[in-house]
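Participant:
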Amino acid sequence: MLKAATQTVAAVLEARDLWKSFGATTVLQGVSLTLRPGQVLALMGVNGAGKSTLMNILCGAARPDRGVLEIGGRPASLRSPADAHRAGLAMVHQELQLAPELSIAENIFLGRPPTKGLGLVDRSTMNAAAAEHLARLGVSRAPTERVAGLSVAERQLVEIASALATEARVLILDEPTAALSATEAGTLLALIRTLRSQGVAFIFTSHRLDEVFAVATDVMVLRDGRVVRDAPAADLSRADLIRDMVGRGVVEPGGSGTAPRADTRAVRLELAGVTRRGAGLRRSVDGVGVRLHEGEVLGLAGLMGAGRTELLEVVAGVAAEGWTGRMRLGGHDYRPRTPRDAIAAGVAYVTEDRKATGLVLGQSVAANICLASLDRLSRAGWLSGEAAFADDMMRRLSVRAAGPGQPVGELSGGNQQKVVMAKWLARRPDVLLLDEPTRGVDVGAKAAFYELLAQLSATGVSTLLASSDWPELMALSDRILVLRDGRPTALFGRGEATAETLLDYASAGGPVQPDFQRSEAA
Ligand SMILES: Nc1ncnc2c1ncn2[C@@H]1O[C@H](COP(=O)(O)OP(=O)(O)OP(=O)(O)O)[C@@H](O)[C@H]1O
Ligand SMILES: [Mg+2]
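The opening residue of the sequence shown carries number 628 in the working numbering; numbering runs sequentially from there.
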């Protein structure tokens, strides 16, 4: 039915036989696509399949080696994203590109602010328009706030607002929901449906397959830079889609259910009354108490601003002096002042923002993987150690790169994330802090990561896991602590929580478990 309505309309965007190579690697091999008004095309493929490369070409951020683009029926030669803007195309990139020192509104209207006489920027119009765009996406921030103070999820939404503000007829969104929690992602998907009904066309990609079936009208699958499927979404099952992407079937992970009951194991890390100041008088973490046992995976659930990252930062030594309360690690008082203190105490922290804190982009994959384990490697004999070590981790997490010597900055987004995980998993820490560890990671590599995490748990590694992917959180966690506005509201054992209950306890105005002990939540 959808199809019949859209098929007769002229294409807004057409690409024919696009090719692209980087050095010896051919990334796109003869890709063609047609996009009509109101279509939502999900571009699918495993990490490194060529999705971002294709999207970058479609929006003028990269040039194909060969091939033709047509916009609105006319041949288009896009030399820059500005050319694409003029032609009615806007893109949200996989890696965040905001200017942190500017305000939200200035970012949304970067390069094309509303003006009044004499070319002066019309600030009040700009701020009012920005506020409107933010409200549509459910962001409760003032347009005058600086981007530097925003969480990764909020930055992502500002980028999306910025694309929407162009009033483009074609929107290209590269993993727009990767950093968002279920509620924020739901708001965005609803907005896509509304705009679609007004004739806006979308190309988007996501590694959360549910979203594809919730919003896509059509699906195109890339494997090794070739189109292996181009079909209406209704014609594909989830299993078909995975097989097309990976080239074989993948068993999606469920709960292992094998972990012994957490309370029988020794306590590794204990938090009592941990509180941290946020902006102004607000507390970003407010009286969190919890015990993490040996080999336990404790999930942290919450919506944007719940304080999950802020809490992990306290344990990771990033918050320095800015917190109160007490922590004990392995039976001793634990008060890390720097990330170095935390690492020395056996705590590893996989951050949410891989570009800012996770990776040295100009350095090789091998160097990045070994970065956190240098002390141990040098004991074992540095050079030979490094290569074998990196090689093993790359294989286990199926990092797709030209070789261990390739600079990390040249890897696809999902493969960069695998390198971040490899770096910390390789260290075999006592306590592992994971913040959105599988953001942008494809379904096959996720399964490998889950397995690796299960192995680590079996050897006694304790994990605090913050993930906005709630099915993932429920599958991996022995227990789940729910945070709301920095405060714990509930603690669930394995199998006790559902997505609905988590959302209920995470949402403003939601319930708090009656027997919940704030200082002794274990
Ligand atoms: N500047 C570059 N130099 C060398 N290789 C590159 C460069 N940019 C991309 N590549 C390679 O092109 C391939 C495709 O990358 P691309 O970013 O398009 O993948 P993707 O499908 O978007 O993956 P992901 O799901 O991880 O985002 C990868 O193997 C990547 O390493
Ligand atoms: Mg990509």
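Where a beta carbon is used, it is the ideal one built from N, C-alpha and C, also for glycine.
Under 8 angstroms, do arginine 1111 and glycine 1137 count as touching if we go by C-beta distance?
Facilitator: Against the sequence shown, residue 1111 aligns to sequence position 484. Against the sequence shown, residue 1137 aligns to sequence position 510. It is a contact, given that the beta carbons lie within the stated cut-off.
Participant: Return helix, strand or coil for tyrosine 961, following the three-state DSSP convention.
Facilitator: Counted from its first residue, the sequence shown places residue 961 at position 334. Reduced to three states, the DSSP call for tyrosine 961 is coil.
Participant: Report the option in Thr965, Leu1061, Gly934 whose CA atom is closest to the CA atom of tyrosine 1080.
Facilitator: In the sequence shown, counting from the first residue as 1, residue 1080 sits at position 453. First, the residue type needs correcting, since residue 1080 is leucine and not tyrosine in the sequence shown. The shortest Cα separation from leucine 1080 among Thr965, Leu1061, Gly934 belongs to Leu1061.
Participant: With distances taken Cα to Cα, identify the nearest neighbour of glycine 905 among Thr965, Glu948, Leu784, Pro966.
Facilitator: Your numbering for residue 905 matches position 278 in the sequence shown. Ranking the options by Cα distance to glycine 905, first place goes to Glu948.
Participant: Along the chain, where does the alpha helix (DSSP H) that runs through arginine 713 open and close?
Facilitator: For the purposes of this step, residue 713 is identified with residue 86 of the sequence shown, where counting begins at 1. Note, arginine 713: alpha helix (DSSP H), 708 to 713.
Participant: Count the CB pairs spanning the stretch 724 to 733 and the stretch 677 to 696 that are closer than 8 angstroms, and state whether there are at least three.
Facilitator: no
Participant: Since glycine 1040 is in the alpha helix (DSSP H), which residue starts that stretch and which ends it?
Facilitator: Taking the sequence shown and counting its residues from 1, the one referred to as residue 1040 is at position 413. 1040 to 1052 is the span of the alpha helix (DSSP H), which, as asked, contains glycine 1040.
Participant: Would you identify the three-state DSSP class for leucine 1080, choosing helix, strand or coil?
Facilitator: For the purposes of this step, residue 1080 is taken as the residue at position 453 of the sequence shown. Leucine 1080 falls in the helix class under three-state DSSP.
Participant: When you compare only the Cα positions, how much space is there between proline 741 and alanine 861?
Facilitator: As a working note, residue 741 is residue 114 in the sequence shown. As a working note, residue 861 is residue 234 in the sequence shown. Using only the alpha carbons, I get a separation of about 42 angstroms.
Participant: Drop a sphere of 10 angstroms on the beta-carbon of histidine 959, count the other beta-carbons inside from all chains shown, and report buried for 16 or more, exposed for fewer.
Facilitator: Position 332 of the sequence shown, counting from 1, holds the residue named residue 959. With fewer than 16 other Cβ atoms from the protein chains shown falling within 10 Å of its own Cβ, histidine 959 counts as exposed.
Participant: Any heavy atom of ligand 1 inside 7 angstroms of the beta-carbon of arginine 1027?
Facilitator: As a first step, residue 1027 is located in the sequence shown; it is residue number 400 there, counting from the start. At least one heavy atom of ligand 1 is nearer than 7 angstroms to the Cβ of arginine 1027, so yes.
Participant: May I have a chain-ordered list of the beta strand (DSSP E) segments no shorter than 3 residues that lie completely inside the stretch 701 to 755?
Facilitator: 716 to 719
Participant: Could you have a look at glycine 813 and say whether DSSP puts it in helix, strand or coil?
Facilitator: Here the question's residue 813 lines up with position 186 in the sequence shown. Assigned with DSSP and collapsed to three states, glycine 813 falls in helix.
Participant: What residues in its chain sit with their C-beta under 6 angstroms from that of leucine 716, if we drop five residues either side in the sequence?
Facilitator: Here residue 716 is taken as the residue at index 89 of the sequence shown, counted from 1. Answer for leucine 716: Cys686, Ala795, Val797, listed in chain order.
Participant: Report the option in Arg763, Ala669, Glu802, Arg1066 whose CA atom is closest to the CA atom of alanine 792.
Facilitator: The residue you call residue 792 lines up with position 165 of the sequence shown. If we check each option's Cα against that of alanine 792, Arg763 comes out closest.
Participant: Out of Gly738, Glu802, Glu728, which one is the CA nearest neighbour of arginine 835?
Facilitator: Working through the sequence shown from its first residue, we reach residue 835 at position 208. Out of Gly738, Glu802, Glu728, Glu802 has the C-alpha closest to the C-alpha of arginine 835.
Participant: What would DSSP say about threonine 1116, mapped onto helix, strand or coil?
Facilitator: Taking the first residue of the sequence shown as position 1, residue 1116 is located at position 489. In the structure shown, threonine 1116 sits in a strand (DSSP, three-state: E or B).
Participant: Where does the unbroken beta strand (DSSP E) through lysine 647 begin, and where does it stop?
Facilitator: Start at 1 with the first residue of the sequence shown, and residue 647 comes out as number 20. 640 to 649 is the span of the beta strand (DSSP E), which, as asked, contains lysine 647.
Participant: What residue range does the beta strand (DSSP E) around threonine 793 cover?
Facilitator: Locating residue 793 in the sequence shown gives position 166, where the first residue counts as 1. Unbroken run through threonine 793: none, as it is neither H nor E.
Participant: Select from Arg1121, Thr1116, Thr1125, Leu1129 the residue whose C-alpha is nearest the C-alpha of glutamine 1140.
Facilitator: As a working mapping, residue 1140 is identified with position 513 in the sequence shown. It is Thr1116.
Participant: Among Val1046, Arg962, Asn1042, which one has its Cα closest to the Cα of leucine 998?
Facilitator: Locating residue 998 in the sequence shown gives position 371, where the first residue counts as 1. Looking at the Cα atoms, Val1046 is the closest of the given residues.
Participant: Taking 6 angstroms as the limit, tell me which residues put their C-beta closer than that to any heavy atom of ligand 2, in chain order.
Facilitator: Lys678, Ser679, Gln721, Asp801, Ser1039, Gly1040
Participant: Should phenylalanine 649 go down as buried or exposed, given a rule of 16 or more other Cβ atoms within 10 Å for buried?
Facilitator: Stepping through the sequence shown from its first residue, residue 649 is reached at position 22. Under this definition phenylalanine 649 is an exposed residue.
Participant: Just list the residues that DSSP pairs isoleucine 799 with in beta bridges.
Facilitator: Here residue 799 refers to the residue found at position 172 when the sequence shown is read from its first residue. In DSSP, isoleucine 799 forms a bridge with Met718, Ile830.
Participant: Under the rule that 16 or more other beta-carbon atoms within 10 Å means buried, what is lysine 1150, buried or exposed?
Facilitator: Nothing about residue 1150 can be read from this structure; the chain reaches only from 628 to 1149.
Participant: Excluding five sequence neighbours on each side, which residues of the same chain lie with their C-beta closer than 8 angstroms to the C-beta of tyrosine 961?
Facilitator: For the purposes of this step, residue 961 is taken as the residue at position 334 of the sequence shown. Closer than 8 angstroms at the Cβ level, and outside the excluded window around tyrosine 961, lie Leu896, Met954, Arg955, Ala972.
Participant: Whole-angstrom Cβ separation of valine 1109 and glycine 929, contact assumed at under 8 angstroms?
Facilitator: Your numbering for residue 1109 matches position 482 in the sequence shown. Your numbering for residue 929 matches position 302 in the sequence shown. Their Cβ separation, rounded to whole angstroms, is 6 angstroms, which keeps valine 1109 and glycine 929 in contact under 8 angstroms.
Participant: Cutting at 6 angstroms between CB atoms, please list the residues of its own chain near tryptophan 1009, excluding the five before and the five after it.
Facilitator: Reading the sequence shown from its first residue, position 382 is the one you call residue 1009. Reliability of the predicted coordinates at tryptophan 1009 is poor, the pLDDT of 48 falling under 50, and no value is obtained from them.
Participant: For leucine 849, write down the residues that DSSP places opposite it in a beta bridge.
Facilitator: In the sequence shown, the residue the question calls residue 849 occupies position 222. Val854, per the DSSP bridge assignment.
Participant: What do you get for serine 707, buried or exposed, if any count of 16 or more other CB atoms within 10 angstroms of its CB means buried?
Facilitator: Position 80 of the sequence shown, counted from the start, is the residue given in the question as residue 707. Counting of Cβ neighbours within 10 angstroms places serine 707 among the exposed residues, the total staying below 16.
Participant: Looking at the secondary structure, which residues open and close the alpha helix (DSSP H) in which serine 679 lies?
Facilitator: If you number the sequence shown from 1, residue 679 lands on position 52. Its alpha helix (DSSP H) spans residues 678 to 685.
Participant: Comparing alpha-carbon positions, which option in Ala1133, Asp749, Leu1118, Val667 lies nearest glycine 918?
Facilitator: Indexing the sequence shown from 1 puts residue 918 at position 291. Looking at the sequence shown, residue 918 is not glycine but arginine. The residue with the shortest Cα to Cα distance from arginine 918 is Leu1118.
Participant: Please tell me whether alanine 1074 and valine 839 are closer than 8 angstroms, where the distance is taken between their beta carbons.
Facilitator: Against the sequence shown, residue 1074 aligns to sequence position 447. Against the sequence shown, residue 839 aligns to sequence position 212. Not a contact, by the Cβ cut-off of 8 angstroms.
Participant: If you draw a straight line from the alpha carbon of alanine 983 to that of glutamine 724, how long is it in whole angstroms?
Facilitator: In the sequence shown, counting from the first residue as 1, residue 983 sits at position 356. In the sequence shown, counting from the first residue as 1, residue 724 sits at position 97. About 12 angstroms.
Participant: In whole angstroms, what separates the C-alpha of alanine 637 from that of threonine 661?
Facilitator: Residue numbering aside, residue 637 sits at position 10 when the sequence shown is read from its first letter. Residue numbering aside, residue 661 sits at position 34 when the sequence shown is read from its first letter. In a straight line, the C-alpha of alanine 637 is about 10 angstroms away from that of threonine 661.
Participant: Beta carbon of asparagine 1234: closer than 7 angstroms to some heavy atom of ligand 1?
Facilitator: Any property of residue 1234 remains undetermined from this structure, which presents the chain solely from 628 to 1149.
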